[in-house]
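Inspection log for the structure reproduced underneath, given as structure tokens.
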Amino acid sequence: MLLVLSEEHKEHLGFLTQVDSAVVGEFGRIAVEFLRKGTNPKIYEGAARKLNVSSDVIQHGVEGLTYLLTEGSKLMISEIDFQDSVLVLGFSEELNKLLLQLYLDNRKEIRSILGELAPKLPSYHSLEWRLDVQLASRSLRQQIKPAVTIKLHLDQNGDQTTKILQTDPATLLHLIQQLEQALGEMKTNHCRRIVRNIK
Amino acid sequence: MELSEYVQSGLQILADSGCFSPSAYTVLLQTAFQSLLNAQADQVALDHPVLKHIDPTVLKHCHAAAATCILEAGKHKADKSAISTCLEDCKFDRERIEQFCTEYQKNKDTLELILGSIGRCPLHITDVSWRLEYQIKTSQLHKTYRPAYLVTLNVENSDSRSHPDVSFSCTMEQLQDLVGKLKDAAKSLERASQM
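Respectively, the protein sequence lines represent chains R and Z. Here our numbering is used: position 147 in the first sequence is 147, and no number is missing along the way. Count along the second sequence from 1, then add 199; that gives the number in our numbering.
Here's what the structure looks like:
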């Protein structure tokens, strides 16, 4: 699968031919840093002054590079496809190699950042448990009522929430049985076949 | 078993065969138990023909006294001798004490169950359901290809009302971690029960 680049995009990336490879490498580093932490316009101004161009040009160059990297990572295109996509820009051999290296070096990290953008439910973080025995209450004395108290830690969008839950021994065994069945499902032929064939 | 003045005086009236004939006593006793144990009994059958001739205020007093006595006995898991002593102090004759104790014995387990279920507790897990999915792509990321589980715990409030379920997603490793920890809890329960 090839990346389709718009005319505007090609124009923005065109700036990269006017600077040496060290600068392109630097732009690549800035692009990934922006993906990790968000954009910082001051960096554009600094670079613009050093290279004697307007900060818009720098911004477009970095953004173009970012788009190239994120689209490639999102679609998980192969080396060859990436090279072919970039060929259409008419860059030098050296620049093409540099861009490819930038893509391959950062692909995994960019994919994990993109993965965090998907809609999500709270996810499991960890679980603590405690065994309690209720001995008496206001309405009934002399009891022996075992219970398991559970503290469930969940993550949602970076926030950790905690839920305190309780269950009785019979339900606990039932939960274990049901969830073990769930785990077993991945090993069935049906699931194995699907995992093997969807690529 | 400590009973208040009000309850004791009510029981004393109940003990009096001048006020309550044997059949009236039997009916009131049964009514008292039913009103405590039967959830549908909002219309307490105090309008039984046998009780017709007794003053309604007196009836309510005695019914409340009997019910309180039953609850106190249940709360403290009183044995026959404790109940007998208490009723003797309220001037019950041997026969009426026997009747009370027999009726109590019949309903003791249900009573303890109901008393035991009153109280606060954290959200109680009643069931679990799960879903296994294989993720293929998202709008931001294609070819993700990983399995994920969605687990929903059905929970109930302390007054048996249902509460929105607790749902969360997890990977296979996380689910294994979860199940492992639950199994530890179960093992420790088993060990504790053997002590």
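Ideal placement from N, C-alpha and C gives every residue a C-beta, glycine not left out.
Comparing C-alpha distances from Leu172 of chain R to each of Z:Leu377, Z:Gln373, Z:Thr370, Z:Arg319 shows the shortest one belongs to Z:Leu377. For Pro41 of chain R, the nearest beta carbon of chain Z is not closer than 8 Å to its own beta carbon. With respect to the 8 Å criterion, Val226 of chain Z and Val249 of chain Z are classified as neighbours on the basis of their beta carbons. Beta-bridge analysis with DSSP links Leu352 of chain Z to Z:Val327, Z:Val365. Nearest neighbour of Ile77 of chain R by Cα position, chosen from Z:Ser361, Z:Ser203, Z:His341, Z:Gln207, turns out to be Z:His341. Against chain R, the beta carbon of Val354 of chain Z has neighbours under 8 Å at Leu165, listed in chain order.
Residue state for Val24 of chain R is assigned as helix, using DSSP reduced to three classes.
Under the DSSP assignment, Lys342 of chain Z falls outside any alpha helix (DSSP H); it carries neither an H nor an E label. By the neighbour-count criterion, in which a residue is buried when 16 or more other Cβ atoms sit within 10 angstroms of its Cβ, Tyr44 of chain R is buried. For Gln207 of chain Z, the closest alpha carbon among the candidates Z:Lys305, Z:Ile269, Z:Gln233, Z:Ser222 is that of Z:Ile269. Residues of the segment 373 to 386 of chain Z with a C-beta less than 8 Å from any C-beta of chain R: Gln373, Leu374, Gln375, Asp376, Leu377, Val378, Lys380, Leu381, Lys382, Asp383, Ala384, Ala385, listed in chain order. Residue contact with chain Z for Glu63 of chain R: absent (no Cβ-Cβ distance below 8 Å to any residue of chain Z). Proximity of Lys108 of chain R to chain Z, defined by a Cβ-Cβ separation below 8 Å, is not satisfied. Your pair Pro169 of chain R and Leu388 of chain Z checks out as a contact, with CB atoms roughly 5 Å apart and the cut at 8 Å. Taking the beta carbon of Val19 of chain R as reference, no residue of chain Z falls within 7 Å; the closest one sits roughly 30 Å away.
Scanning chain R for C-beta atoms nearer than 8 Å to the C-beta of Cys369 of chain Z yields Ser123, Tyr124, reported in chain order.
Only those residues of the segment 70 to 82 of chain R whose C-beta falls short of 9 Å from the nearest C-beta of chain Z are listed: Thr70, Ser73, Lys74, Leu75, Met76. The beta carbon of Val57 of chain R sits no closer than 8 Å to any beta carbon of chain Z. Contact with chain Z is absent for Gln160 of chain R, since none of that chain's Cβ atoms lies less than 8 Å from the residue's Cβ. Close partners of Ala47 of chain R in chain Z (Cβ separation under 9 Å) are lacking, with about 28 Å as the shortest Cβ gap.
With a threshold of 16 other beta carbon atoms within 10 Å, Lys199 of chain R falls short and is exposed. Contact check for Leu179 of chain R against Leu374 of chain Z passes: the beta carbons are separated by less than 8 Å. Setting aside the 5 residues that flank it on each side, Gly64 of chain R is surrounded in the same chain by His9, His12, Leu13, each with a C-beta closer than 6 Å to its C-beta; the list follows chain order. Among the residues of the segment 242 to 268 of chain Z, none has a Cβ less than 9 Å away from any Cβ of chain R. For Val133 of chain R, the enclosing beta strand (DSSP E) has its first and last residue at 123 to 134. Taken atom to atom, the span from the alpha-carbon of Phe27 of chain R to that of Arg193 of chain R is near 43 Å. Closer than 7 Å at the C-beta level to chain R, one finds these residues of the segment 311 to 342 of chain Z: Glu311, Leu314, Gly315, Ile317, Gly318, Cys320, Pro321, Leu322, His323, Ile324, Thr325, Val327, Trp329, Leu331, Tyr333, Ile335, Thr337, Gln339, Leu340, His341, Lys342. Boundaries for Lys199 of chain R: no beta strand (DSSP E) harbours it, and the DSSP string shows neither H nor E there. By the criterion of a C-beta distance shorter than 8 Å, Cys300 of chain Z is surrounded in its chain by Lys279, Ile282, Ser283, once the five residues flanking it on both sides are discounted. Here the C-alpha atom of Met371 of chain Z lies approximately 12 Å from the C-alpha atom of Gln181 of chain R. The segment 12 to 82 of chain R is shown to contain whole alpha helix (DSSP H) runs of 4 or more residues at 21 to 37, 41 to 51, 55 to 75, in chain order. Under the three-state reduction of DSSP, Pro321 of chain Z is assigned to coil, being neither helix nor strand.
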